[in-house]
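If you're matching them up, the sequences are chains A and B in order. Residue numbers for the first sequence follow the working numbering, so the first one is 1 and each next one is one higher. Residue numbers for the second sequence follow the working numbering, so the first one is 1001 and each next one is one higher. Note that the Cβ used here is the ideal one computed from N, Cα and C, for glycine as well. Data first, discussion second: the structure below is written as structure tokens.
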Amino acid sequence: MKHILSVLVENKPGVLARVSGLFSRRGFNIESLAVGPTEDPNISRMTIVIDADDLKLEQITKQLHKLVNVLKISDLDPKDSVERELVLIKVNAPPDKRAEVVETANIFRANIIDVSKTTLTIEITGTATKIQALEDLLRPYGIKELVRTGKIALARGKLAET
Amino acid sequence: MRMTGAEALIKSLEKEGVEVIFGYPGGVVLPIYDALYDNKKIRHVLVRHEQCAGHAADAYARATGKVGVCLVTSGPGATNLVTGIANAWMDSVPIVAITGQVATHVIGTDAFQEADITGITMPITKHNYLVKDVNQLPSTVKQAFLLAKTGRPGPVLIDLPVDISKAEIDFKYPEDASIPGYKPTYKGHMKQIKEAAKLLVQAEKPIIYAGGGIIKSEAWDELRQLAELVQIPVTTTLMGKGAFPDDHPLSLRMLGMHGTRYANYAIMDSDLIFAVGVRFDDRVTGKISTFAPHATIIHVDIDPAEISKNIPAHLPIVGDAKIVLKDLVAEIKKGKTPHSDKTRWHELIASWKKKYPLHYHQDGAIRPEYVVETINKLTKDMDVIVTTGVGQNQMWAAQFYSANKPRSFISSGGLGTMGFGLPAAIGAQIGRPDAVVIDIDGDGSIQMVSQELATVAANKLPIIIAILNNGYLGMVRQWQELFYKKRYSQVDLNVGTPDFVKLAEAYGIKGVRVTDIGDVSKILKKAIKDRKPILIDFMVAREENVFPMVAPGASIDEMLGGIPGASLSQMIDEEEEEVGSEAHLISSSGK
């Protein structure tokens, strides 16, 4: 089962290596990992997507907790969290196809962020399914390059807080 | 006070109460060794290979309960230390390893003697530090010691670039360390403890499975109270030897691959396992899927990650063994739940003990077991520390030496590091100068570290080095005999092995060879009395095997050997019928 772990860590050199090293040496697979500082510059948030059963997830979480630089771990419940990923897609778009591609991008509320004679670079954010749908539609034109940030996520605000 | 980073390091170590450093100098630690030169408070023990600085610090920590400290140079010094650190990591031993590093401005340029030691040791340290600002040095040392000795203990490494050692600092040692992401749980959950108390007194066939965690948290008295209060038999792991007296009537001695038959039968047949300070290692559980099929498992450990890692626990208790056991004993003493009748369980165990005692052939040859047994007899009631190599020598020591006190048996468990015995004896003897320290070693193991005879000689350490010399890598040979059709591939050490007596003499240490069984006791007795370094080369029966033995991948009640008066093949046949029927008998009567 897929899990999104939101992990707060001290923003110090080597912390990413400690976390990724732990996953590899204990045989846990990371599907995606995104990391960056939070509102507090001393603390970073890692969003780690993993595929693991409950026992394995428990072991991963306990092992992560043992890293001295790890401050807090939450297993985000998909129902109670929001997740996004940002993807840049450089797709073939010769003049005769360009309008089609732009139209497709517009349907997805994606942005065109770069244009050349033969290509368009499209920026899309959203859930995995939305991104997958756009990717599938663009594939016939020829995707030249693609890059994704990996999933980032936050727990939804509690009703009392809003 | 104004001082250099190197001086601040030594001052910080003084503040932590460090009395001994095991180390080896080199280029980038010159400033530190210069700071040590005039120091009156800290003794430096010069080893002859950095790996042994790690092992000596490790055994010093195990023998004394203090933090062991080792100091080596960058690059090869640091990489040589890696095995020492890994060994301490696997056995959860508190050491602080200090490595020199090339200057900060050349880090990452493949400078002379540069190695990324924080990267290399990330998987084998509890935490490690690369100090890039001299002002952070005192607080780093403070944190390192706190991490090493609290919670689940373990090695912590501090990598110190040479320019930081030379930089100046206004020294002030912090009162306490703040580590926001580090909060070990010491007190067990009372609801769980109450439940455990109930299960323990109600169980009909309970067993305590105790390990190194008991010694680390100094919980041996509490463990004994629990066992005696509820009359529960206790088996210990290799790391747990000494946590409960081996000679106690409730003791089942060691369990697992080379454990006693009665310990393995008892845990497999038990209805309740109280596991404390253990990690269900594969050498203990054997085949996981068949392990203790009828037992409810209560698992107490300070490291939550150990609970349900290998075998799911029915009742987990995260906490420090000493505190949890104290609460548990108090809870049981309230007497809320009536105790079950455990007579039949004790009778069954007594019958196993009678039928399957640890034993060996006595035919006039020097059997290695006899040597260990003699050491055991001669040192009863003394303050003794036994250290071991790894392999057959280690298992015979574990089987035939009765550890009746904590911190009296020091062995490399998790990593199984050949060569641990001699540097461990050095660390133990320096930590406990009055103890009789005996290194029970193998001819293979000791050759990995024989240069440390120099350290023994230089420090006049009255260590007794007892080599069980069979001219083989004995444990590997045993596996080849049993599982590889006696194809003895690369295990015969007879050609090339030095004359150990001459080797000892070359270092100025007394050496004695024993070839006659009649001399074993006499020579050991004298060695114990003399209190001088001595190497005794016991020429033991070459193809002796360690029994009982659980074949790799087998269930731990499927043991080879260890039945008095039976040949190996007979033993295998008999075991299946007899044990099967006994176990059946009690489980049907119990229900």
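Less than 8 Å between C-beta atoms, sequence neighbours within five positions excluded: which residues of the same chain meet that for residue i?
i	result
Leu1223(B)	Ile1208, Ala1210, Ile1214, Val1234, Ala1243, Phe1244, Val1276, Ala1321, Leu1325
Ile1385(B)	Ala1063, Arg1407, Ser1408, Phe1409, Ile1410, Ala1425, Ala1428, Gln1429, Arg1432, Ala1435, Val1436, Val1437, Ile1438
Thr118(A)	Asn92, Ala93, Pro94
Asp1573(B)	Its pLDDT being 48, under 50, Asp1573(B) is placed unreliably by the model, and nothing is read from it.
Val1047(B)	Phe1022, Gly1023, Tyr1024, Ala1053, Ala1056, Pro1423, Ile1426, Glu1452, Thr1455
Ile1042(B)	Ile1010, Leu1013, Glu1014, Val1018, Glu1019, Val1020, Ile1021, Leu1036
Thr61(A)	Leu5, Ile73, Asp75
Asp1271(B)	Ala1203, Glu1204, Lys1205, Pro1206, His1294, Ala1295, Thr1296, Gly1590
Ile1366(B)	Val1514, Thr1515, Asp1516, Ile1517, Val1520, Phe1538, Met1539, Val1540, Ala1541
Tyr1186(B)	Ile1302, Gly1319, Asp1320, Ile1323
Mind listing the chain A neighbours of residue i? Cutoff is C-beta to C-beta under 8 Å, in chain order.
i	result
Tyr1182(B)	Val68
Ala1305(B)	Gln59, Lys62, Gln63, His65, Lys66
Leu1147(B)	Val68
His1044(B)	Neighbours of His1044(B) on chain A: none; closest Cβ ~29 Å, over 8 Å.
How would you list, in chain order, the residues of chain A whose beta-carbon sits under 9 Å from the beta-carbon of residue i?
i	result
Ile1179(B)	Val68
Buried or exposed, going by whether 16 or more other CB atoms sit within 10 Å of the CB of residue i?
i	result
Phe1483(B)	exposed
Pro1338(B)	exposed
Val87(A)	buried
Val1495(B)	exposed
Tyr1037(B)	exposed
Ile113(A)	exposed
Lys1485(B)	exposed
Met1122(B)	buried
Ala99(A)	exposed
Gln1490(B)	exposed
His1105(B)	exposed
Leu64(A)	buried
Pro1155(B)	buried
His1359(B)	exposed
Leu55(A)	exposed
Lys1126(B)	buried
Asn1469(B)	buried
Gln1362(B)	exposed
Arg1002(B)	exposed
Ala1006(B)	buried
Ala1219(B)	buried
Val115(A)	exposed
Pro1031(B)	buried
Phe1280(B)	buried
So, for residue i: in the same chain, excluding its five sequence neighbours on each side, which residues have a beta-carbon less than 6 Å away from its beta-carbon?
i	result
Leu1604(B)	The structure shown does not extend to residue 1604(B), since chain B is modelled only from 1001 through 1591, so no value can be given for it.
Asn111(A)	Glu123
Glu1050(B)	Tyr1024, Val1072, Gly1077, Asn1080, Leu1081
Asn1545(B)	Gln1478
Met1448(B)	Met1418, Gly1419
Gly1026(B)	Thr1073, Gly1077
Ile1307(B)	His1299, Asp1301, Ala1313, Pro1316
Leu1560(B)	Met1549
Taking Cβ-Cβ distances shorter than 8 Å, what residues in chain B pair up with residue i?
i	result
Arg25(A)	Pro1123
What in chain A is Cβ-close to residue i, meaning under 7 Å?
i	result
Lys1309(B)	Gln59
His1127(B)	Val68
Apart from the five residues on each side of it in sequence, which residues of its chain come closer than 7 Å, Cβ to Cβ, to residue i?
i	result
Met1268(B)	Ala1292, Ile1556, Asp1557
Lys1287(B)	Gly1553, Ala1554, Ser1555
Phe23(A)	Ile30
Can you pull out the residues from the stretch 49–75 of chain A whose beta carbon lies closer than 8 Å to at least one beta carbon of chain B?
Leu55, Glu58, Gln59, Lys62, Gln63, His65, Lys66, Leu67, Val68, Asn69, Val70, Leu71
Given a limit of 9 Å on CB to CB distance, which residues of the stretch 10–23 of chain A reach chain B?
Glu10, Pro13, Gly14, Ala17, Arg18, Gly21, Leu22
What residues in the stretch 1105–1125 of chain B bring their beta carbon closer than 8 Å to a beta carbon of chain A?
Thr1118, Gly1119, Met1122, Pro1123
Segments of 4+ residues assigned as alpha helix (DSSP H) that fall wholly inside the stretch 1085–1154 of chain B
1117–1120, 1137–1149
List in chain order: all unbroken alpha helix (DSSP H) runs of 4+ residues lying wholly within the stretch 1507–1567 of chain B.
1517–1530
Residue ranges of each beta strand (DSSP E) run of no fewer than 3 residues wholly in the stretch 1003–1066 of chain B, ordered along the chain?
1020–1023, 1043–1046
In chain order, each alpha helix (DSSP H) run of at least 4 residues that lies wholly inside the stretch 1439–1476 of chain B:
1443–1447, 1453–1458
What beta strand (DSSP E) runs, 3 residues minimum, are completely inside the stretch 1322–1377 of chain B?
none
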